[in-house]
Amino acid sequence: MLVKRIVGAGHPPQYPFDGKLHPATESKIVDPVEQQASISTDGGFVHIRGMGYKEVKLVTVSSVRPKKETEKGAYPDGRRYKPYEPQMMLEKHSYQTGWWNANKMGEHQYLESLRRNLRDCPKVSSANDGAKWIERITKENFPNVTQIIDWFHAAEKMWHIGKQTIADKQEGVRWVTQRLDDLWLGRLPAVNSELEKVDTTQAMDSDDIEMCIGYFQRQQKRMKYHQYRIAGYPIGSGAVEWH
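Letter 181 of the sequence shown, counting from 1, is numbered 283 in this note's numbering, and no numbers are missing.
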């Protein structure tokens, strides 16, 4: 079966994906995701002989389902889930990757969604890091998809703030743990309130720490982890990070 999407032809979209980044796409549907899907995008720099560093971009589409009891871990995502919070399994991954700019990546991101028939999938989310280009192309292609900041990226930044600004190791661990507890439970005002008190002058690179603090302030709309867990959305982008 071939699916085709034409943009700019004067017709309203037939499904919630816009595909604004390219005028037309044809693709054969392969291994369609029927119940729930996750789509994650990333970029990483690779050194090419004679060319220096170039960014390779990757999109991953995965099927999502609740874990079986035998698959559940005590601390998935490094935290304890409540009994009513389903732990989710990502599987049946497919990929597209290349040396593309952001717009071209958007085309391939959209193409892969067509191949997996995400237009007919009732529940789709997208966990990524905070890169602006990823947020942009994902929003333009899938305006109704729930975008989530990858939990491990958020936790990594919080640990970086704590280690760089708190000299006492035990106090630093206590501070970071409390901030992550608040973030995990959806207490975003408390998180931002404490971040505003951070003495950035204690860090070797105060500008870097201020950027990390600003990261939480800018991305808080995509950090409602307590809501995502209850809704059954995966909060990690490991499927794309590990490849």
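Think of the CB as a built atom: it goes at the ideal place given N, C-alpha and C, for glycine as much as any other residue.
Go ahead and pull the three-state DSSP assignment for residue i.
i	result
Tyr330	helix
Ile337	coil
Tyr186	coil
Gly288	coil
Lys299	coil
Lys170	coil
Gly180	helix
Gly264	helix
Asp270	coil
Trp344	With a pLDDT of 49 at Trp344, under the threshold of 50, the predicted position of this residue should be treated as unreliable, and no value is reported.
Met325	coil
Among all the DSSP beta bridges, which residues are the ones paired with residue i?
i	result
Glu157	Phe147
Gly175	DSSP output for Gly175 lists no bridge partner at all.
Ser165	Ala139 and Glu193
Thr199	Leu160
Lys259	Paired residue(s): none; Lys259 is not in a bridge.
Label residue i either buried or exposed according to how many other C-beta atoms from any shown protein chain fall within 10 Å of its C-beta, with 16 as the threshold for buried.
i	result
Asp179	buried
Asn246	exposed
Ser295	exposed
Val163	buried
Arg217	buried
Gln198	buried
His149	exposed
Arg367	With the chain covering 103 to 345 only, the question about residue 367 has no answer from this structure.
What are the start and end residues of the alpha helix (DSSP H) that includes residue i?
i	result
Ala204	Ala204 to Arg217
Lys241	Lys234 to Asn243
Asp310	Ser308 to Gln321
By the DSSP assignment, the beta strand (DSSP E) with residue i in it spans what residues?
i	result
Val226	Lys225 to Asn230
Gln249	Thr248 to Ile251
Handout entry: Segment contact, 8 angstroms Cβ cut-off, at least three pairs: the stretch 183-193 with the stretch 281-299
Key = By the C-beta criterion, the stretch 183-193 is judged not to be in contact with the stretch 281-299, since fewer than 3 inter-stretch pairs fall below 8 angstroms.
Exercise for the section: Please determine if the stretch 274-287 and the stretch 255-264 are in contact, where contact requires at least 3 C-beta pairs separated by less than 8 angstroms. Expected result: yes
Exercise for the section: Determine contact between the stretch 228-237 and the stretch 332-340, defined as no fewer than three beta-carbon pairs at a distance below 8 angstroms. Expected result: Judged by Cβ distances under 8 angstroms, the stretch 228-237 makes contact with the stretch 332-340, as three or more pairs qualify.
Exercise for the section: Could you say if the stretch 298-318 and the stretch 266-274 meet the contact criterion of at least three C-beta pairs nearer than 8 angstroms? Expected result: yes
Exercise for the section: Evaluate the contact criterion for the stretch 157-174 versus the stretch 127-143: three or more CB pairs, one atom per stretch, below 8 angstroms. Expected result: Yes, the stretch 157-174 is in contact with the stretch 127-143.
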